[in-house]
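**Q**
2 protein chains.
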Amino acid sequence: MPVRPTRNPGSQSALRLSNQQRILSNLVSSGPTTQADIARNTGLSNATVSNIVKVLVERGLVSTSPTTSSGRRAQLVSLKSTDGAVSVGIDFGRRHVRIIVATVDYRVIGEKDVEIPLGYTAAEALDIAANLLTSTLLQAGVQRSAVLGVGVGVPGPIDSRTGTVVKGAILPEWVGVTVRMVEESFELPVYLENDANLGALAESTWGPHAGTPTVVFIKVGTGIGAGLIFNGRPFLGHIGLTGEIGHTPIHEHGLLCRCGNRGCLETVASTAIMIDMLSRALDRPVRTRDIVRLVLAGDERAIRVVDDAGFAVGRSIAAIANLVNPHTIIVGGPLADLGEMLLSPIRRGLQRYAVPMIVETTELVMSSLGERAEALGGAALVLQHSGIHPTLS
Amino acid sequence: MPVRPTRNPGSQSALRLSNQQRILSNLVSSGPTTQADIARNTGLSNATVSNIVKVLVERGLVSTSPTTSSGRRAQLVSLKSTDGAVSVGIDFGRRHVRIIVATVDYRVIGEKDVEIPLGYTAAEALDIAANLLTSTLLQAGVQRSAVLGVGVGVPGPIDSRTGTVVKGAILPEWVGVTVRMVEESFELPVYLENDANLGALAESTWGPHAGTPTVVFIKVGTGIGAGLIFNGRPFLGHIGLTGEIGHTPIHEHGLLCRCGNRGCLETVASTAIMIDMLSRALDRPVRTRDIVRLVLAGDERAIRVVDDAGFAVGRSIAAIANLVNPHTIIVGGPLADLGEMLLSPIRRGLQRYAVPMIVETTELVMSSLGERAEALGGAALVLQHSGIHPTLS
Chain A
223 MPVRPTRNPG
233 SQSALRLSNQ
243 QRILSNLVSS
253 GPTTQADIAR
263 NTGLSNATVS
273 NIVKVLVERG
283 LVSTSPTTSS
293 GRRAQLVSLK
303 STDGAVSVGI
313 DFGRRHVRII
323 VATVDYRVIG
333 EKDVEIPLGY
343 TAAEALDIAA
353 NLLTSTLLQA
363 GVQRSAVLGV
373 GVGVPGPIDS
383 RTGTVVKGAI
393 LPEWVGVTVR
403 MVEESFELPV
413 YLENDANLGA
423 LAESTWGPHA
433 GTPTVVFIKV
443 GTGIGAGLIF
453 NGRPFLGHIG
463 LTGEIGHTPI
473 HEHGLLCRCG
483 NRGCLETVAS
493 TAIMIDMLSR
503 ALDRPVRTRD
513 IVRLVLAGDE
523 RAIRVVDDAG
533 FAVGRSIAAI
543 ANLVNPHTII
553 VGGPLADLGE
563 MLLSPIRRGL
573 QRYAVPMIVE
583 TTELVMSSLG
593 ERAEALGGAA
603 LVLQHSGIHP
613 TLS
Chain B
223 MPVRPTRNPG
233 SQSALRLSNQ
243 QRILSNLVSS
253 GPTTQADIAR
263 NTGLSNATVS
273 NIVKVLVERG
283 LVSTSPTTSS
293 GRRAQLVSLK
303 STDGAVSVGI
313 DFGRRHVRII
323 VATVDYRVIG
333 EKDVEIPLGY
343 TAAEALDIAA
353 NLLTSTLLQA
363 GVQRSAVLGV
373 GVGVPGPIDS
383 RTGTVVKGAI
393 LPEWVGVTVR
403 MVEESFELPV
413 YLENDANLGA
423 LAESTWGPHA
433 GTPTVVFIKV
443 GTGIGAGLIF
453 NGRPFLGHIG
463 LTGEIGHTPI
473 HEHGLLCRCG
483 NRGCLETVAS
493 TAIMIDMLSR
503 ALDRPVRTRD
513 IVRLVLAGDE
523 RAIRVVDDAG
533 FAVGRSIAAI
543 ANLVNPHTII
553 VGGPLADLGE
563 MLLSPIRRGL
573 QRYAVPMIVE
583 TTELVMSSLG
593 ERAEALGGAA
603 LVLQHSGIHP
613 TLS
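For the protein sequence lines, the chains are A and B, in the order given. Per our numbering, the very first residue in the first sequence carries number 223; after that it's consecutive. Per our numbering, the very first residue in the second sequence carries number 223; after that it's consecutive.
1) Is lysine 276 (chain A) helix, strand or coil by DSSP?
2) Quick one: what does DSSP say glycine 232 (chain B) is sitting in, helix, strand or coil?
3) Can you list, in chain order, the residues of its chain with a C-beta nearer than 7 angstroms to that of aspartate 417 (chain B)? Leave out the 5 residues immediately preceding and following it.
4) Can you list, in chain order, the residues of its chain whose CB lies under 7 angstroms from that of proline 435 (chain A), leaving out five sequence neighbours each side?
5) So, do the stretch 605-613 of chain A and the stretch 313-329 of chain A have three or more beta carbon pairs nearer to each other than 8 angstroms?
6) In whole angstroms, what is the alpha-carbon distance linking phenylalanine 439 (chain A) and isoleucine 461 (chain A)?
7) Just to confirm my understanding: we take leucine 298 (chain A), look at its own chain, exclude 5 residues before and 5 after, and list those with CB closer than 6 angstroms. What are they?
8) Starting from the Cα of valine 517 (chain B), find the closest Cα among B:Ala448, B:Thr583, B:Asp559 and give me that residue.
9) Could you give the DSSP three-state label for leucine 614 (chain A): helix, strand or coil?
10) DSSP three-state call for glutamate 466 (chain B): helix, strand or coil?
11) Which stretch, first to last residue, makes up the alpha helix (DSSP H) that contains glycine 600 (chain B)?
12) Is glycine 459 (chain B) close to chain D? Criterion is C-beta to C-beta, closer than 7 angstroms.
13) Check whether the Cβ atoms of glycine 459 (chain B) and valine 388 (chain A) sit closer than 7 angstroms, and answer yes or no.
14) Taking the alpha carbon of aspartate 554 (chain A) as the reference point, which residue from A:Thr464, A:Ala503, A:Gly449, A:Pro471 has its own alpha carbon closest?
15) Which residues does DSSP list as the beta-bridge partners of proline 471 (chain B)?
16) Grab me the residues of asparagine 353 (chain B)'s own chain with a C-beta within less than 6 angstroms of its C-beta, minus the 5 sequence neighbours each way, in chain order.
17) Please state the DSSP three-state secondary structure of histidine 431 (chain A).
18) Can you name the start and end residues of the alpha helix (DSSP H) that glycine 532 (chain B) belongs to?
19) Determine whether the beta carbon atoms of alanine 222 (chain A) and alanine 307 (chain A) lie at a separation below 7 angstroms.
20) For asparagine 419 (chain B), does the count of other Cβ atoms within 10 angstroms reach 16, so buried, or fall short, so exposed?
21) Rounded to a whole number of angstroms, what is the C-alpha to C-alpha distance between glycine 274 (chain A) and glycine 282 (chain A)?
22) Hey, does leucine 298 (chain B) have any beta-carbon neighbour from chain A nearer than 7 angstroms?
23) Indicate the three-state DSSP secondary structure (helix, strand or coil) for aspartate 505 (chain A) in the structure shown.
24) Given that glycine 481 (chain A) touches chain B, what residues does it touch there, using C-beta distances under 7 angstroms?
25) Report the rounded CA-to-CA distance for asparagine 544 (chain B) versus proline 471 (chain A), giving the unit in angstroms.
26) Is the closest heavy atom of the ligand SAM to the C-beta of cysteine 486 (chain B) under 6 angstroms?
27) Span of the beta strand (DSSP E) holding phenylalanine 457 (chain B)?
28) Tell me the DSSP secondary structure of isoleucine 552 (chain B) in three-state form.
29) Identify whether asparagine 241 (chain A) lies in helix, strand or coil by the three-state DSSP scheme.
30) Using a beta-carbon distance below 7 angstroms, is asparagine 416 (chain B) in contact with chain A?
31) In the stretch 548-568 of chain A, which residues sit with their C-beta less than 9 angstroms from some C-beta in chain B, listed in chain order?
32) Where does glutamate 406 (chain A) fall in DSSP's three states?
33) Could you confirm whether any beta carbon from chain B is found closer than 7 angstroms to the beta carbon of asparagine 544 (chain A)?
34) Distance check for aspartate 349 (chain B) and serine 407 (chain B), CA to CA, integer angstroms please.
35) Please list the terminal residues of the continuous alpha helix (DSSP H) segment that includes threonine 583 (chain A).
36) Out of A:Asp335, A:Met499, A:Leu410, A:Gly599, which one is the CA nearest neighbour of glycine 421 (chain A)?
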């Protein structure tokens, strides 16, 4: 029987990348280190360390300086962090742009957000973001040349083969936007990613769930999507279209969905449908923040809408938990301030439809990062692509 | 903001394991190699290679012999494969035990299966398997000491924290069985795993889908479960309970399920429910193999039962594809011989409920490994736990 290769752990480029990440991780955890000590700490040969350090110097990630060690001349390797290298995260929503600037040791040193009008084009939004980027770097006292890259979140699926926003995005204006277009706008290296994926990465990097290896982040907003962290890293599947849970069928003969099907989760539990129902019931325009306000004020109609939505989300979460058995499920998005008012019906749905042993061993919580999650995730994405992982505080 | 560790890629034990796997992979692909050449091929230092080779010699995985290289004395390291090391896979079903013996270069050199009566205890089944193991090794001319380990598949969830079969198993007699009990029965190292997980591993190791990094294997049998291969490796989630898709709700007010819920996928699409419906309709006892025979003979009742079941499976597969965006979905289990008769309604369900771009880019196929998949997966599991991955043929 013929045997074909699995992803060969010994392939040369995978090996190089893995060796590079080892060296960077070692520098993050140990601080400036001689080449000989890096070799000792990682098990790599001196020649391998020396070659990779050369590449990292060229990429501007580390610098070297002469020193002495046990009386002999040696090369001291330092992360450029000490020179102020930073990572930027930018999150685009339907009505906002948020930016976060973080150092290579995962400290946030700059943060801003602006509201933008509904229905702006992608080009207009990118202009606003480019200005926000310039002013935030200026305020934080950071040179543009110190930016390792920009992690950009958009509320839509990204085809990882081409780096393009594809059909299904909450902002139709963004369909067709490529990573190259965003790079031209920012004049910096860009990583383009779905917003729920960035939320998941942020939750597994910052806050109380940092370090949890298996996390599902559910963003309940105008659309509903999931971000997956498996074995400590973002999971993107075959072509980057993971977490498309908004179109799970809930009611066979329910409302028509923007995807062409009917009765999808989004027709029952998105903030868009909640706004639609409450605007009719109250006979005046309602916005997302009003949903939170009405529920917290005890409005029975708003409570019912959120309760039904939460139960449907919980039913979908049950199917997810049965399939991938996560350690922690985190609910985020603009309704996160509702806390138990939203989490309680979600928990009922999970308990009703998941396998009992999975219910017992899965942690279900509300996001503590709130609306900052996606931009934080963007900043983390850049750092992790540079092989810089968070270390013990 | 405090930063806590993600799974630190630089942690010492993870590094050691990763270095060990590099060295074993190198030996599998290059054959016997000197320690100096292993260091060159892997980028590891001579000291690291020497230490790891010592450990591998102690574990009986490799042997060393003196040689010369460029006129200098050197240590030649060889995989014990040349001495006939093997891996064993054993699959327990409701009515069968199957065994497969494979070499470290993934060649099958022994295979047997026996039918066993319904309702046997786990202890009885283990006795039968232990005898089968002894006779199969004898026929293949393999010493017991050459067996690296036994990968054992059972149709039930395994708690990976304790290595115990837990509630929800198709064979209730197996609940509470531990990896330790199986090891005592076989007197060999044992890896205990859910059968669908082993099917997934087999499909990504042997046959036309070998090397596919993201695979979902769906086993449709007395129960319905999924096995997941993510990034080329089995994905086990938080405590090993992945792929529990048999209890996805399909009909809100459907039949009561063995899990305590009602209307689950298994109440609509398992072979158990097909057998139940066809036995009533035909007024005589029907077995799994009869379902295949009746459908292929054109019996309209059997065709209808399989078609409805397939569509429900397809709907569940759509939710899976929307969530984890696999490259390939493979349908296995005892109905695999039905081919298009089962695959066609599954495809209709997938197309009806999955996001269009995911439908377009996901491959949906029938297993070509058939009833051998789980035992093949068991053998592959042992080899991969020893760091031995398949290479180019």
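Glycine is no exception: its CB is placed at the ideal position from the N, C-alpha and C atoms.
**A** Judging by the given coordinates:
1) helix
2) Residue placement at glycine 232 (chain B) cannot be trusted, given a pLDDT of 40 that sits under 50; the coordinates are not used to answer.
3) Asp313, Gly375, Val376, Pro377, Lys441, Glu596
4) Asn453, Gly454, His549
5) yes
6) 19 angstroms
7) Pro254, Thr256, Ser287, Thr289
8) B:Asp559
9) With a pLDDT of only 41 at leucine 614 (chain A), under the threshold of 50, the placement of this residue in the model should not be trusted, and no figure is reported.
10) coil
11) 595-607
12) This model lacks chain D altogether, as its protein chains are A and B.
13) no
14) Note that residue 554 (chain A) corresponds to glycine in the displayed sequence, not to aspartate. Minimum Cα distance to glycine 554 (chain A) is reached at A:Gly449.
15) B:Cys486
16) none
17) helix
18) 522-546
19) Here chain A has residues from 223 to 615 only, and residue 222 (chain A) is not among them.
20) buried
21) A small correction: the amino acid at residue 274 (chain A) is isoleucine; glycine does not occupy that position in the sequence shown. Those two C-alpha atoms are separated by around 12 angstroms.
22) no
23) coil
24) Checking the sequence shown, residue 481 (chain A) turns out to be cysteine, not glycine. Neighbours of cysteine 481 (chain A) on chain B, chain order: Val577.
25) 11 angstroms
26) The ligand SAM is not part of this structure, which contains no ligands at all.
27) Looking at the DSSP string, phenylalanine 457 (chain B) is not in any beta strand (DSSP E), and its letter there is neither H nor E.
28) strand
29) helix
30) no
31) Pro548, His549, Thr550
32) helix
33) yes
34) 7 angstroms
35) 578-583
36) A:Gly599
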